[in-house]
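Start counting the sequence shown at 1; every next residue gets the next number (the UniProt record's numbering). By construction, the Cβ of each residue, glycine as well, lies at the ideal position given by its N, Cα and C atoms. Predicted model, so just to flag it, every value in this text is computed and none were measured. Here the structure is laid out as structure tokens; the discussion comes afterwards.
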Amino acid sequence: MTDSAVTLSIHDNIASICINRPERKNAMSQAMWLRLYELLCEVEQDPEVRVVVLTGSGGCFSAGADIKEFAGFASDSEALKASNAQIMQTQLKLEMLNRPTIAMVEGACVGGGCGLALACDMRVAAESAFFAITPAKLGLLYSHRDTRRLLALVGPSKTKELLFTGQRLSAQAALACGFINKLATTDDVQTVTDELAATIAANSQSAIRGIKTMLAGLEGVTDLSESEYLTLFDDAFSSADCEEGLAAFLDKRAAKFTWG
Numbered sequence: 001m002t003d004s005a006v007t008l009s010i011h012d013n014i015a016s017i018c019i020n021r022p023e024r025k026n027a028m029s030q031a032m033w034l035r036l037y038e039l040l041c042e043v044e045q046d047p048e049v050r051v052v053v054l055t056g057s058g059g060c061f062s063a064g065a066d067i068k069e070f071a072g073f074a075s076d077s078e079a080l081k082a083s084n085a086q087i088m089q090t091q092l093k094l095e096m097l098n099r100p101t102i103a104m105v106e107g108a109c110v111g112g113g114c115g116l117a118l119a120c121d122m123r124v125a126a127e128s129a130f131f132a133i134t135p136a137k138l139g140l141l142y143s144h145r146d147t148r149r150l151l152a153l154v155g156p157s158k159t160k161e162l163l164f165t166g167q168r169l170s171a172q173a174a175l176a177c178g179f180i181n182k183l184a185t186t187d188d189v190q191t192v193t194d195e196l197a198a199t200i201a202a203n204s205q206s207a208i209r210g211i212k213t214m215l216a217g218l219e220g221v222t223d224l225s226e227s228e229y230l231t232l233f234d235d236a237f238s239s240a241d242c243e244e245g246l247a248a249f250l251d252k253r254a255a256k257f258t259w260g
């Protein structure tokens, strides 16, 4: 069941990872978190992949962690710690992936599902999408990493509102507060996502990797020194992609960047 519940397809340098458990609103079991981690490791090593899109099947992104499975861990502290560790490892892998990532959200994006969307670099939502972060309704906390990602997107006041109330956030409200990047109709969300992914894939991948590294340091995810920031910046000027980009600009043609 696990392999079919999280699937991978690659087309035109875009990797699409789909959470495929529609009968449970794509709730994530521990095995599914592990499978997602494995697929992220796989695409990270694939030179053909330039962008990763994460989505859910059946008109739903993800209802979050499998609460039935989670409840079974209540009396087993070690199993609970292992489950939490796997979830955080997978989300961190998604956040730190050396490829740009896009969450394409339809329908429910709740709890751990929001955690996945937050760990992506960008989020495109259909008008049918709604978001809710509900640990306070279960007597739980959102992890410090999830909270940091949310805080970076919407600021402290909105973060407190979402966490304290656990109330739904509509797709329109999510766009207004900066939770998502783009809003599309249900009919157009795939097209809008594909266009965004294709635009990113056409750009310099070495530049995008450098941007992700720099942003991770500035956001406090990693610890970079001033000299490391300057090295990232200076090295770009002597890269093959910079040479190609400048030549293409002068020749008035599209650049042909290579992965490397």
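Helix or strand or just coil, what does DSSP make of Ala-198?
helix
Can you name the start and end residues of the beta strand (DSSP E) that Phe-130 belongs to?
130-132
Separation of Glu-161 from Cys-41, as counted between CA atoms
35 Å
Which term fits Pro-47, buried or exposed, when burial requires 16 or more other beta carbons within 10 angstroms of its beta carbon?
exposed
Whose CA, out of Phe-179, Gly-166, Phe-130, lies closest to the CA of residue 264?
Here the chain covers residues 1 to 260 and nothing more, so residue 264 does not appear.
Just to check my reading of the structure: Phe-73 and Val-105 have Cβ atoms closer than 8 Å, yes? What is that Cβ distance to the nearest angstrom?
Not a contact, Cβ separation roughly 27 Å.
Helix, strand or coil: how does DSSP classify Ile-19 here?
strand
Three-way DSSP call (helix, strand, coil) for Ile-67 in this model
helix
Look at the alpha carbon of Arg-148 and the alpha carbon of Thr-186, and state the distance between them as a whole number of angstroms.
29 Å
In the DSSP assignment, find the alpha helix (DSSP H) that holds Ala-119 and state where it starts and stops.
112-119
Which word fits Arg-21, buried or exposed, when buried means at least 16 other C-beta atoms lie within 10 angstroms of its C-beta?
buried
Measuring CB to CB, does Ala-103 end up less than 8 Å from Leu-116?
yes
Cβ neighbour criterion (16 or more within 10 Å) applied to Pro-156:
exposed
Do the region 124-134 and the region 236-255 touch if we need at least three Cβ pairs shorter than 8 Å?
no
In or out: Gly-111 buried (at least 16 other Cβ within 10 Å) or exposed?
buried
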